[in-house]
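Those protein sequences? They're chains B and W, same order as listed.
Mapping of the first sequence onto the numbering used here: position 85 corresponds to residue 85, and the numbering continues sequentially without gaps.
Mapping of the second sequence onto the numbering used here: position 88 corresponds to residue 200, and the numbering continues sequentially without gaps.
Think of the CB as a built atom: it goes at the ideal place given N, C-alpha and C, for glycine as much as any other residue.
Note that this is a predicted model, so its numbers are computed, not measured.
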Amino acid sequence: AQSVAQPEDQVNVAEGNPLTVKCTYSVSGNPYLFWYVQYPNRGLQFLLKYITGDNLVKGSYGFEAEFNKSQTSFHLKKPSALVSDSALYFCAVRDAGNQFYFGTGTSLTVIP
Amino acid sequence: NAGVTQTPKFQVLKTGQSMTLQCAQDMNHEYMSWYRQDPGMGLRLIHYSVGAGITDQGEVPNGYNVSRSTTEDFPLRLLSAAPSQTSVYFCASSYLQGASEQYFGPGTRLTVT
């Protein structure tokens, strides 16, 4: 069965420090992987996706993600965190049957 | 483009009442889906559709019905509301191509008393 795991419910990081939000997945076939961000009382917004090719994917607002096939991971990164990055982050995978599977989300708090 | 729109934004129902959550998209997306979001559980897929006239069940379909008579609209019907259906509901759409990301509506916050 397809699944996505976000092992950390909460990540705290100081402003200006690099941040990482972790995601691992289990899917048959080649995965399509996505990161979304959700601000309070809003819908999810697309950040970036991995389809194929370069393992480092760049997305919106300075975010990037590293795909690692051997570790089945797709960690979200940003070199320098901003207070405005504080939000809920979701990792998702789309399978060959067109269903999306989401992780349980990671709440990121950037401390001024 | 308005993107994905949902109505209403908020709704309070009594146990046993029925209602329909509306969802519409203007991007000509084939794929549409409904999720519920509950604390600590992420997003769970209720129903989805890959085109007009085609719907299928997701992870948590019980107590919900959907139909897809047009490409644009994908309403979600609660047949007999229960307190366990208190949640935030999101509609999303995308192209059918596997690499396409989903676009989400702003959500409907439903409380069942």
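Contacts with chain W at 8 Å (Cβ-Cβ) do not include T109 of chain B. By the C-beta criterion, the stretch 11-29 of chain B is judged not to be in contact with the stretch 39-57 of chain B, since fewer than 3 inter-stretch pairs fall below 8 Å. Fully enclosed beta strand (DSSP E) runs of no fewer than 3 residues occupy 154-163, 166-169, 176-178 and 188-190 of the stretch 151-191 of chain W, in order along the chain. Of all alpha-carbon atoms in W:D138, W:D168 and W:V124, the one lying nearest the alpha-carbon of T132 of chain W is that of W:V124. Residue burial is scored here from C-beta neighbours: Y89 of chain B has at least 16 other C-beta atoms within 10 angstroms and is therefore classed as buried.
Counting C-beta atoms within 10 angstroms of its own C-beta, S60 of chain B has fewer than 16 neighbours from the protein chains shown and is therefore classed as exposed. In the DSSP assignment, the residues bridged to I111 of chain B are B:A14.
Taken atom to atom, the span from the alpha-carbon of W146 of chain W to that of A164 of chain W is near 15 Å. Within chain B, Q99, F100, Y101 and F102 have C-beta atoms less than 9 Å from the C-beta of L157 of chain W, given in sequence order.
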